[in-house]
Amino acid sequence: MSDAAATSGRATTRDRLLAAALELTREGGYAAASVAAIADRAGASRGALYRHWPGKGELYAELFRTVCSRELSAMQAAGADPALPTAVARAEAVLGTFCTRALRSPRLAWTLIAEPVHPLVEAERLVFRQRYREDLTLLLQAAVDDGEIPPQDAALTAAALVGALGEALVGPTSPLAAAPPDADAIVAALLVFVRRAVGC
Numbered sequence: 473m474s475d476a477a478a479t480s481g482r483a484t485t486r487d488r489l490l491a492a493a494l495e496l497t498r499e500g501g502y503a504a505a506s507v508a509a510i511a512d513r514a515g516a517s518r519g520a521l522y523r524h525w526p527g528k529g530e531l532y533a534e535l536f537r538t539v540c541s542r543e544l545s546a547m548q549a550a551g552a553d554p555a556l557p558t559a560v561a562r563a564e565a566v567l568g569t570f571c572t573r574a575l576r577s578p579r580l581a582w583t584l585i586a587e588p589v590h591p592l593v594e595a596e597r598l599v600f601r602q603r604y605r606e607d608l609t610l611l612l613q614a615a616v617d618d619g620e621i622p623p624q625d626a627a628l629t630a631a632a633l634v635g636a637l638g639e640a641l642v643g644p645t646s647p648l649a650a651a652p653p654d655a656d657a658i659v660a661a662l663l664v665f666v667r668r669a670v671g672c
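If you read the sequence shown in our numbering, its first letter stands for residue 473, the second for the next number, and so on.
In structure tokens:
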């Protein structure tokens with residue numbers, strides 16, 4: 473086998489393993505995605521998984537980065553819509569996108585937001601929460617500068633909103649929830665909360 477073919481084969485196996493981990497997480501969360509289950513779903517051996525990552529924690533840290541990067545890109549795209557007339561509207565679009573996408577895939581969202589996971593994944597959670605806060609801080613500071621909302625510590629407000637919305641989504645996305653979440657009603661209520669919290 474040529475070096476190129478070997479590299480392609482490894483990449484394909486790696487991609488299959490990541491895709492399998494994501495599928496299993498969507499279905500049953502982090503706890504359901506054991507190394508054996510991931511390898512079986514990917515049609516690979518456990519040894520193949522360990523050739524790409526030292527263990528499940530490292531695999532999940534990469535999966536978490538991949539999924540959260542997509543979510544962050546979607547939020548940034550929503551906030552960059554030129555049709556949005558104000559900084560507050562852009563902040564609402566960002567936070568509304570975050571909440572809507574979480575409620576669209578509640579089991580995955582619960583895993584990303586709240587499920588007990590490997591310490592490496594917990595570290596990634598902190599990194600992405602910081603990135604969410606930084607983007608939101610810029611929008612809130614622009615809203616303050618434009619006189620749309622009262623003067624405030626934009627970074628502190630952004631941190632409070634990210635924390636509050638994450639906490640508010642834990643119940644609706646939990647696998648213990650009594651019924652599927654009413655996404656439209658929840659997002660509408662959370663955006664009312666956001667407007668009140670920033671002083672609109």
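Ideal Cβ positions, reconstructed from N, Cα and C, are used throughout, including at glycine.
Phe665: which of Val634, Ala492, Val642, Ala493 sits nearest, CA to CA? The residue with the shortest Cα to Cα distance from Phe665 is Val634.
Rounded straight-line distance, which links the Cα of Asp625 to that of Pro653: Going by the C-alpha atoms only, they are around 33 Å apart.
Going by CA-CA distance only, name the one from Ala649, Leu556, Ala493 that's closest to Asp512. Comparing Cα positions, the closest option is Ala493.
Assigned exposure category for Ala657 - 16 Cβ within 10 Å defines buried: Counting C-beta atoms within 10 angstroms of its own C-beta, Ala657 has fewer than 16 neighbours from the protein chains shown and is therefore classed as exposed.
One question on the structure: do Ala516 and Thr538 come within less than 9 Å of each other, judged by their Cβ atoms? The answer is no: Cβ separation not under 9 Å.
Considering only residues of the same chain and omitting the five flanking positions on each side of Tyr604, which have a CB-CB separation below 6 Å? Excluding sequence neighbours, Tyr604 sits near Val634.
Count the other C-beta atoms from every protein chain shown that fall within 10 angstroms of the C-beta of Ser480, then say buried if there are 16 or more, exposed otherwise. Caution is warranted here: a pLDDT of 44 is assigned to Ser480, below 50, making its placement in the model unreliable, and no coordinate value can be reported.
Cβ distance (whole Å) where Thr569 is taken to contact Glu620 below 8 Å: Between Thr569 and Glu620, the beta carbon gap of about 20 Å keeps them out of contact (Cβ cut-off 8 Å).
DSSP-derived helix/strand/coil call for Leu648: Of the three classes helix, strand and coil, the one that applies to Leu648 here is coil, per DSSP.
Alpha helix (DSSP H) segment containing Val566, residue limits: Per DSSP, the unbroken alpha helix (DSSP H) holding Val566 starts and ends at 559-576.
Leaving out five residues on either side along the sequence, give the residues of the same chain with a beta carbon under 7 Å from the beta carbon of Arg674. One cannot answer for residue 674 here, as it falls past the ends of the chain, which runs 473 to 672.
If you draw a straight line from the C-alpha of Glu499 to the C-alpha of Ala660, how long is it? Near 27 Å, if we compare the C-alpha coordinates of Ala660 and Glu499.
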